[in-house]
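Chemist: After the structure tokens below, expect a handful of questions from me.
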Amino acid sequence: MTITLEVKMKSLLTKTLSILLLTGSGAALAAGELNFFNWGNYTNPKLIEKFEKEHGVKVTITDYDSNETALAKVRAGGHGFDLAVPSHSHVPIWVSEGLLANPRVDQMENFKYVDDRWRNPDWDPGRQYSAPWQWGSVGIVVDTSVYKGDINTAAIFLDPPAELVGKINVAPEMLDVIHTTVRYVGGEVCTTDKTVLRKVRDKLVEAKPKWKSMDYGIIEKFAGRDLAASLYWNGAAFRARLKNSDVRYGYPREGYGLWADAVVLLKDAKNVENARLFMNFIMAPENAALISEFARYANSIKGSEKYMPADMATATEIVVPEEFQSAGTFYPTCPPEAQKMYTAIWTELQK
Amino acid sequence: MAAVSPYPSAALDLEALARRREVKTNILLTMPALGVLIAAASGPLLIMLIFSFLTPGDYGGVEWQLSFDAWFQVVFYEDIFDETVSLADAHMSIFWRSLKLSFLTTVVAFVLGFPTAFFIATRPPETRNIWLFLVTIPFWTNLLIRTFAILEIIRNQGVINNALLGLGLIDAPLDMLYTDIAILLGMTYVYIPLMILPIYASLERLDFRLVEAGYDLYASRWKVLKRIIMPLVKPGVIAGSILVFIPSLGAYVTPRVLGGGKNLMLGNLIELQFGQGRNWPLGAALSLTLLMIVMVALIFYVRSAQRETG
Amino acid sequence: MPGRAGKPFVIKHMPGFPVIAMVCFFALYMPLVPLVIYSFNAGNNIALWEGFSFRWYVAAWDNELVKAASVRSIVVASFASFFATILATMAALGTTRTRPFRGQLTIYALINQPLMVPEIVTAVALLILFALIKEATGYHGYAYLIIAHTAFCIPFAYLPIRARLEGMDKTLETAAADLYARPWPTFRRVTLPLLLPGIFAGAMLAFVISLDDVVITEFVKSAGQDTLPTYMLGQLRRVITPEINAISSVLLLISVILVTLIFFLSRSKTA
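Protein chains in written order, with this note's numbering: chain A, 7 to 357; chain B, -15 to 294; chain C, 14 to 284.
Set out below in structure tokens:
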């Protein structure tokens, strides 16, 4: 009696196992699925719901923390993702590493809504590979109840004032940190000048003991007053301010970075059609507004303003004050030689 | 089948046959488990060894080219600007921090855990089970939940700071989060049941008549503890220490959540190489280094356990 | 000096130990209290109490990601526990109550390897191995997770089964043999029922271990294969809302129930 029960259990289990394995591998059953690889805490659930309803596609989001992690994961192969969202400076790297397919974004139906400024960027000529997601800046976030001085300088994290020492966070985003520090010591973007880079390395290594952490997820930390300052992105600063009204966002006058995250189609994507649908979907004004509303960053779509929350129209995190506008640059992809040196500095800092 | 014969040689043959069959059955029974373990536990270690001798790929992964750089980088550091070779301070400080924190965790776990185990073991049998039950619940709670619980109470607006502020003992919140102390607290909290349970097991088997004998001879409590109880309980103490020390050494989740990305332990350093560090061979080499340190600790344990029973 | 005037001398008492024990118990449970309390926080800050509410439990229940991750956790744990228990039972039968044979030590080392080797080392080794296989075959389903989990669950299933087996002497089986019973029916009718409590304990232990695993799963998983612990790890590093508290509280409750069950079962066993 127990044997027949065992046998029945075994066959039931083998059947379930095989079904599980097949669906997990995303083989022929890929008709209504999409695997979206995006930054953590960066996708509006309402956007996904809307897309799923409109197109009958089941979207699975996996998140990552940094460009580096995303690149490492996709480069290693066997990831199973269809779309990813690298920052602009990384898009050429992904292209040259052969990780992307070319979906001809510029020929998609909703491309007409893309603002002129974003139609032909240096890092994706002709806008073929990537659909715009959000764009923003890398600046200084400060809890002004702790420090009342000038926040528009990178000295906040590189030569911190006494009140802030031990309460600073620095986003563990290699290029953002290095570019800002290079400008701070007076160097040129993408420089390979060893004297400048040496100063950068020394400055960072010297400043690191004064930091509290190098982590993501600062919104709650500012809300809970565990942090008083950070080098971080403007949208997160905005959301932190909504929870802790003493938070302010500063633009380093020595030079700060602008970035644009864009959705790309991966070469080994299994759900190409659904991926292209999604890329087109996010370029529609109402949808772009949904994206911005969640993470509080600006988007590149004309006509989305009327759908966005009112406070975004006047926030300093979104609208750059006159005096700081010239200091912002979209950092290009640096040549491999520079990349190598930056990586070396970064790994040294990380330890 | 040969008939049972009065001659010893025939009987021995049957016995040997049965024994060989038994060994064969045993091997067949054990094979599947070993197979899975070799495929998914031991085998991959060999592959990792191979990877530690390869060259890192530009954006992660490896190039299949022999290189000793990874092993070199574990211990030495070549300055990127003036190419001087020196001891890899950064790695050394991480090794040191890992060893230090693991050791401290073990010590604190012992200081708190031994009396607790003693207390439980000396309760009357009916209530003993309840105490054991109370110790086991945290043990079965997910590691993440326990780490998160510590995160919550040491934050600037967490319970500890609120209590200290409320009592007027401090003026401003203590910055405990993202420090080595935070990691120590977290690891002790997570691993202390692993110290208590083996010591309890040893204490339960302790014959308290020996203790009584010590007191009859006018020994003080401290002497009895030191000279009678401790030596007898040593196997449990050593087991508990190993059970705390080894996982602490290779801890990854607790330092990651409580350390804020700045106070790296060995586990975090290893993970870094597979992410932003883009150096898989170095990650493999560091993992093997960790393994070697653990093996040394284990050998030490086995030796001292043998000395006890020998 | 032994004994204070008027007070009986208790052999089993060590001064200060009960106090330390109480401190220890308090320290073990105290952090869990705010965790559970704040899961009922009406506000969305995990530090500022804004009133009582079940909203986070509802939110966690509605959260697709949480549901999917939970289901995945349970499925993987079930399969891993099932396979691990079968393999461990066979291995226990093959290595216990026998004469010592060559290579026994190696076999013990191999079986218990997951207990001795730090998880991160195994995780990294598996990451490398599976990356190679994924690139070669293009397959990235759940088999990797299940195999990895089965492997590290085997020693956890093995130990209780072996302990139980060692406590069983062979007289019953010998009696069955004397009655001309063949090996397989003997196993099924005599050994197995006696072994069942150990097998059950092993299976439960394996299940819980698999359910709780963070490190190995984090390294080995592919797209959309988050288990509940890896989902929580992701959230812990980014957004911490009371939803995490809610999920943690539920898991805590499940742990308590499981431990209570095991305790009652083990007591009835020895009764």
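Built from N, CA and C at the ideal position, the CB exists for glycine as well. For clarity, every value in this text was computed on a predicted model and none was experimentally measured.
#1: Can you find a CB in chain C that lies within less than 8 Å of the CB of B:Asn10?
#2: Since A:Ile239 is in the beta strand (DSSP E), which residue starts that stretch and which ends it?
#3: Rounded to whole angstroms, what's the CA-CA distance from A:Ile225 to A:Asn240? Just pull it up for me.
#4: With C-beta atoms as the reference, is B:Ala269 less than 8 Å away from B:Ala23?
#5: Would you decide whether C:Asn258 is buried or exposed? Buried here means 16 or more other CB atoms lie within 10 Å of its CB.
#6: For C:Val252, return the contacting residues in chain A, with the cut-off set at a CB-CB distance below 9 Å.
#7: Please state whether DSSP places B:Ile212 in a helix, a strand or coil.
#8: In terms of residues, what are the limits of the alpha helix (DSSP H) holding B:Lys296?
#9: Work out the CA separation of C:Arg201 and A:Ile9 for me, nearest whole Å.
#10: If we define contact as Cβ-Cβ less than 8 Å, is A:His185 a contact residue for chain C?
#11: From C:Ala189 to C:Cys166, what distance separates their C-alpha atoms?
#12: Thinking C-beta only, is B:Gln257 closer than 8 Å to B:Leu266?
#13: Is there at least one Cβ from chain C nearer than 8 Å to A:Gly261's Cβ?
#14: Going by the beta-carbon positions, is the gap between C:Thr163 and C:Ala93 smaller than 8 Å?
#15: Would you say C:Leu265 and B:Thr273 are within 8 Å of each other, going by their C-beta atoms?
#16: Run through DSSP, which three-state label would B:Phe132 get?
#17: Just tell me which of B:Val286, B:Ser271, B:Arg291, B:Ser288 has its CA closest to the CA of C:Val130.
#18: Which whole runs of the alpha helix (DSSP H) in the stretch 147 to 231 of chain A are 4 residues long or more, in chain order?
#19: Does the beta-carbon of B:Arg81 have 16 or more other beta-carbons within 10 angstroms, so that it is buried, or is it exposed?
#20: Hey, is B:Gln49's beta-carbon within less than 8 Å of any beta-carbon in chain A?
#21: Could you have a look at A:Leu27 and say whether DSSP puts it in helix, strand or coil?
#22: For A:Ala34, does the count of other Cβ atoms within 10 angstroms reach 16, so buried, or fall short, so exposed?
#23: Expressed to the nearest angstrom, what Euclidean distance is found between the alpha-carbon atoms of C:Leu118 and B:Glu6?
#24: So does the stretch 232 to 243 of chain C actually touch the stretch 135 to 143 of chain C, counting three or more Cβ pairs closer than 8 Å?
#25: Got a sec? Which residues, its chain only, sit under 6 Å from C:Met181 by beta carbon, not counting five neighbours each side?
#26: Closer than 8 Å, CB to CB, is A:Ala266 near chain B or not?
#27: Note down the Cα distance separating B:Ser232 from B:Phe79, rounded to an integer number of angstroms.
#28: So with CB distances below 7 Å, who are the chain B contacts of C:Lys80?
#29: Quick one: what's got a C-beta closer than 7 Å to A:Ser17's C-beta in the same chain, skipping five residues either side?
#30: Would you list, in chain order, the members of the stretch 137 to 168 of chain B that have their beta-carbon closer than 7 Å to a beta-carbon of chain A?
#31: Can you tell which of A:Asp208, A:His96, A:Trp217 has its C-alpha closest to the C-alpha of A:Ala177?
#32: Using a Cβ-Cβ cut-off of 7 Å (strictly less than) and excluding sequence neighbours within five positions of C:Ala98, which residues of its own chain qualify?
#33: To which residues of the same chain is A:Thr349 closer than 6 Å at the C-beta, ignoring the five residues directly before and after it?
#34: Please return the same chain residues whose Cβ sits closer than 7 Å to the Cβ of A:Glu299, not counting the five positions on each side in sequence.
#35: From what residue to what residue does the beta strand (DSSP E) around B:Asn263 run?
#36: Return no unless some Cβ of chain C is closer than 8 Å to the Cβ of B:Gly294.
Modeler: Well, looking at it:
#1: yes
#2: The question names Ile, but residue 239 of chain A in the sequence shown is Trp. Note, A:Trp239: beta strand (DSSP E), 235 to 239.
#3: 11 Å
#4: Against a cut-off of 8 Å, the Cβ pair of B:Ala23 and B:Ala269 comes out as no contact.
#5: buried
#6: Gly46, Asn47, Gly223, Ile225, Glu226
#7: helix
#8: This structure gives no information on residue 296 of chain B, because the portion of chain B shown stretches from -15 to 294.
#9: Bear in mind that a pLDDT of 48 at A:Ile9, under 50, signals an unreliable position, so the model cannot answer this.
#10: no
#11: 33 Å
#12: yes
#13: no
#14: yes
#15: no
#16: helix
#17: Minimum Cα distance to C:Val130 is reached at B:Ser271.
#18: 161 to 164, 180 to 190, 200 to 213, 224 to 229
#19: Residue environment for B:Arg81: buried (at least 16 other C-beta atoms within 10 angstroms of its C-beta).
#20: no
#21: In this prediction, A:Leu27 scores a pLDDT of 43, lower than 50, which makes its location untrustworthy; no coordinate-derived value is stated.
#22: Its pLDDT being 34, under 50, A:Ala34 is placed unreliably in this model, and the coordinates cannot settle the point.
#23: Taking the straight line from one Cα to the other gives about 18 Å.
#24: yes
#25: Leu207
#26: no
#27: 12 Å
#28: Near C:Lys80 there are no residues of chain B at all, since even the closest Cβ is about 18 Å away, more than 7 Å.
#29: At A:Ser17 the pLDDT is 46, less than 50, meaning the model places this residue with poor confidence; the figure from the coordinates comes in the next sentence. Cβ neighbours of A:Ser17 beyond the five flanking positions: none.
#30: Arg139, Asn140, Gln141, Asp159, Leu161, Tyr162
#31: A:Trp217
#32: Reading the sequence as shown, one finds Thr at residue 98 of chain C and not Ala. Closer than 7 Å at Cβ, skipping near neighbours: Ala170, Ile212, Gly215, Ala216, Ala219.
#33: none
#34: In chain order, Asn50, Met314, Pro315 place their CB closer than 7 Å to the CB of A:Glu299, counting only its own chain and leaving out the 5 sequence neighbours on each side.
#35: Neither: B:Asn263 is in no beta strand (DSSP E) and is coded neither H nor E.
#36: Reliability fails at B:Gly294, whose pLDDT of 44 lies under 50, so the model's placement of it is uncertain and no value is given.
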